[in-house]
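Inspection log for the structure reproduced underneath, given as structure tokens.
Residue numbers (this note's numbering), protein chains in the order written: chain A, 7 to 326; chain B, 711 to 1000; chain C, 41 to 276.
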């Protein structure tokens, strides 16, 4: 394909992305925003599980910490929504590093348990009366969506809060994806993958296993934490019961369905966990989750490498 | 002192349930080297089947053994139909299938048997014959049942040729087929056994916390912790692990941190302990030369 | 009836073809060796006989065509395979490994006797009978692997590079034992070896493989005296 045609296609995609929210009703834009948020969260988990090979069943915890950090800052300290994102990122980076230490000693199933324990503990911790002043206890915290900074209309459709947030989430997501893509191609990325595939050899070659592993945990947590914060802004509400252990499991589902160890798979994974439950609901009112489970299992049989794996098989042209 | 002992014994009784579930997880792990996250939901479904039989007038112990048999066959079928396609696939693909099964079984329980909470009968007398001031009849009974199951499982794996074959198939499927073992069927058997044990766990706990589709939700984690605490490849360890988790949970809840956070603290302690002793209390380190 | 007859055997690992039409046969009672450089297809040949790889062509064992059979079925016909890397159950004890060798047998007393005979033949295994097999030395694991295969009371014993990674003295010991097994227990053997000198000393008949085809065959004596073989594979 010529460079000119590639450029035209990218231009069309870009324009499409920019006008899309104006062709969809508000609640669909809201769903789209959530999908982008999940994509960032799934990407974070993929860095840890797909590239570094460390399984985490507890990333919902970082998502929750990010969300509550943002919510508390907005509700109690008057932060603007945008300012909470870097703070959530830093907080979760630290949390991830703390989690990374026991992760050094634990592998495989033990790590799965430890992270799963974290996931189950989070709702309980969030309900704890001792910190209810900050967390809002069982009721949670209600926030307000940020107003768009200017008035705008396209084809008569107004730039609503949800539509504005669409551009915000895109503006956050795109650099994060770009950064992650460069990371895995660079020295750090190769170190991470080396540790996953041949830890003994990697150590013998001078890779500082402990440092790389811990940093990876931190980075992964930061990504998911920022996603959580963004999610809190998009939904304008946080409550302990929104962060039960199934969030962690959903994120892992997103990683595998999208494609383990890929960057753009996160997008497909996020689409799956955001929209398939709704589709399942349409198919069966009485047992939607059974349909969800069936679709999930069928998908992994048909596409063991996730969506990205299937795409690669259909188009073996690019070697990634 | 009295209330302390009460907490301990109650913890032991709860612990026996965690032990049974942990045992089921170890069972699947020993046969397949995977941890089946759907174990709890499958056990719940089996417990519902037992409830239905008892409601229809089947005597308790007959219903018990019929359910165990159905669970065994069910587990075997699930392995053949759902797990076999991903037998050679990466670990995470298996995890996804487990997640799918978890969700399907949970939904099926609700759909077939309804979401309303049901009372489940206990086959044991209300007062215990032994230390009645600390422990109820049911608690003593389920303790006994769990220990009996453990004994059977231990003897099975250690002393029967099939038990040995299942272990061999899990550890080294290629070599196992070279000695004439049908590896695929060994995996299926492991699943059948695990389901049967899970059903027992479900039937023992349902009288205590009442039966609804979310019976096993939180308990799975404790079962998981029990299995790992004792060393994931060790059935005895899972049982002892279960008791430790049960007692720890109660003691922490009563004396240290209050019932609100006892889950979190118990888990922190378990994770901490595993960090210090990565193979569990009794797990064996398998030496592989590089 | 020949013990094993292979005609036009092809084999694949996934989409990669490794054997391109192999022809050879084994008589009962002898030791045959398959020689060749790395990648010639020696290991694949053994795997093809056990049907652990995809094959096309004819593999006839004791008069029965076994193409497409499940591996465990071929084992039950009396074929014991000691794979490359030994294939020991490292997480199980020495005794458990031996018991597994007899998995398909029903005659419990004879099995117990056989275990005693293995211990008599390999006293080092007896010493370590309750030890985890993974902690044994290389030579001991090889003895264990061979014993495990013998527990089947096989008609045909397939050995894949038994000398691999072992010190010369141990290798000598093991080859002596293999000669003994063949003569006393009357077990036919198909031996894949990189160490051509040792293999030709032990075997009666030899096949030379090159990129998935047989390029030379003859008695061990003939192959040993073939000058070109000596230069290429024996180094002198």
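Ideal Cβ positions, reconstructed from N, Cα and C, are used throughout, including at glycine.
Chain-ordered neighbours of residue i on chain B, where CB pairs are closer than 7 Å
{"i": "residue 281 (chain A)", "result": "Residues of chain B passing the Cβ test: none, with the nearest at roughly 16 Å."}
{"i": "residue 129 (chain C)", "result": "878, 881, 882, 885"}
{"i": "residue 115 (chain A)", "result": "745, 938, 942"}
{"i": "residue 119 (chain A)", "result": "934, 935, 938"}
{"i": "residue 259 (chain A)", "result": "806, 809"}
{"i": "residue 69 (chain A)", "result": "By Cβ distance, chain B contributes nothing, its closest Cβ being about 17 Å from residue 69 (chain A), past 7 Å."}
{"i": "residue 144 (chain C)", "result": "890"}
{"i": "residue 298 (chain A)", "result": "813"}
{"i": "residue 255 (chain A)", "result": "809"}
{"i": "residue 303 (chain A)", "result": "792, 807, 810"}
{"i": "residue 58 (chain A)", "result": "Simply none; closest approach about 13 Å."}
{"i": "residue 310 (chain A)", "result": "799, 803"}
Inter-residue CB distance, residue i and residue j (contact presumed, cutoff 8 Å)
{"i": "residue 329 (chain A)", "j": "residue 268 (chain A)", "result": "The requested residue 329 (chain A) does not occur in the structure, where chain A is confined to residues 7 to 326."}
{"i": "residue 90 (chain A)", "j": "residue 80 (chain A)", "result": "6 Å"}
{"i": "residue 200 (chain A)", "j": "residue 190 (chain A)", "result": "With a Cβ gap of about 12 Å, residue 200 (chain A) and residue 190 (chain A) do not count as contacting."}
{"i": "residue 112 (chain C)", "j": "residue 891 (chain B)", "result": "6 Å"}
{"i": "residue 780 (chain B)", "j": "residue 756 (chain B)", "result": "7 Å"}
{"i": "residue 385 (chain A)", "j": "residue 231 (chain A)", "result": "Summary: the structure shown does not reach residue 385 (chain A), with chain A confined to residues 7 through 326, and so no result is reported for it."}
{"i": "residue 259 (chain A)", "j": "residue 806 (chain B)", "result": "6 Å"}
{"i": "residue 722 (chain B)", "j": "residue 953 (chain B)", "result": "6 Å"}
Reference residue i, options the options, closest by Cα
{"i": "residue 204 (chain C)", "options": "C:161, C:130, C:267, C:231", "result": "C:231"}
{"i": "residue 237 (chain A)", "options": "A:10, A:187, A:74", "result": "A:74"}
{"i": "residue 727 (chain B)", "options": "B:918, B:922, B:864", "result": "B:918"}
{"i": "residue 921 (chain B)", "options": "B:761, B:711, B:842", "result": "B:761"}
{"i": "residue 83 (chain C)", "options": "C:69, C:71, C:126, C:225", "result": "C:126"}
{"i": "residue 56 (chain C)", "options": "C:257, C:222, C:217, C:251", "result": "C:251"}
{"i": "residue 197 (chain C)", "options": "C:63, C:130, C:85, C:118", "result": "C:118"}
{"i": "residue 161 (chain C)", "options": "C:220, C:237, C:94", "result": "C:220"}
{"i": "residue 40 (chain A)", "options": "A:216, A:234, A:299", "result": "A:234"}
{"i": "residue 143 (chain C)", "options": "B:826, B:743, B:873, B:933", "result": "B:873"}
{"i": "residue 821 (chain B)", "options": "A:292, A:320, A:308", "result": "A:292"}
{"i": "residue 950 (chain B)", "options": "B:926, B:885, B:861, B:799", "result": "B:861"}
Contact set for residue i: own chain, Cβ-Cβ below 7 Å, skip 5 residues either direction
{"i": "residue 716 (chain B)", "result": "844"}
{"i": "residue 25 (chain A)", "result": "160"}
{"i": "residue 70 (chain C)", "result": "228, 244, 245"}
{"i": "residue 222 (chain A)", "result": "53, 54, 58, 198"}
{"i": "residue 117 (chain A)", "result": "60, 61, 109"}
Partner residues on chain B for residue i, Cβ-Cβ distance less than 9 Å
{"i": "residue 123 (chain C)", "result": "884, 885, 888"}
Exposed unless 16 or more other CB atoms sit within 10 angstroms - verdict on residue i
{"i": "residue 901 (chain B)", "result": "buried"}
{"i": "residue 184 (chain A)", "result": "exposed"}
{"i": "residue 285 (chain A)", "result": "exposed"}
{"i": "residue 271 (chain C)", "result": "exposed"}
{"i": "residue 261 (chain C)", "result": "exposed"}
{"i": "residue 247 (chain C)", "result": "buried"}
{"i": "residue 115 (chain A)", "result": "buried"}
{"i": "residue 998 (chain B)", "result": "Caution is warranted here: a pLDDT of 48 is assigned to residue 998 (chain B), below 50, making its placement in the model unreliable, and the coordinate value is therefore given only provisionally. Classification of residue 998 (chain B): exposed, given that the 10 Å Cβ count is below 16."}
{"i": "residue 306 (chain A)", "result": "buried"}
{"i": "residue 162 (chain A)", "result": "exposed"}
{"i": "residue 43 (chain C)", "result": "buried"}
{"i": "residue 15 (chain A)", "result": "exposed"}
{"i": "residue 78 (chain C)", "result": "exposed"}
{"i": "residue 41 (chain C)", "result": "exposed"}
{"i": "residue 31 (chain A)", "result": "exposed"}
Amino acids of chain B, ordered along the chain, whose beta-carbon sits closer than 8 Å to that of residue i
{"i": "residue 132 (chain C)", "result": "874, 877, 878, 881"}
{"i": "residue 307 (chain A)", "result": "795, 796"}
{"i": "residue 115 (chain C)", "result": "887, 888, 889, 890"}
{"i": "residue 262 (chain A)", "result": "802, 803, 805, 806"}
{"i": "residue 168 (chain C)", "result": "Residues of chain B passing the Cβ test: none, with the nearest at roughly 13 Å."}
Chain A contact residues for residue i, given Cβ-Cβ distances below 7 Å
{"i": "residue 985 (chain B)", "result": "108, 111, 112"}
{"i": "residue 824 (chain B)", "result": "Those within 7 Å of residue 824 (chain B) in chain A number zero; the least Cβ separation is about 11 Å."}
{"i": "residue 963 (chain B)", "result": "By Cβ distance, chain A contributes nothing, its closest Cβ being about 12 Å from residue 963 (chain B), past 7 Å."}
Chain A residues whose Cβ lies nearer than 8 Å to that of residue i
{"i": "residue 821 (chain B)", "result": "292, 293, 296"}
{"i": "residue 818 (chain B)", "result": "293, 296"}
Contact set between residue i and chain C, taken where Cβ atoms lie within less than 8 Å
{"i": "residue 871 (chain B)", "result": "139, 143"}
Chain-order list of residues whose beta-carbon lies under 8 Å from that of residue i (same chain, five-residue window excluded)
{"i": "residue 825 (chain B)", "result": "922, 923"}
{"i": "residue 174 (chain C)", "result": "128, 130, 131"}
6 Å CB neighbourhood of residue i in its chain, flanking five on each side removed
{"i": "residue 719 (chain B)", "result": "844, 845"}
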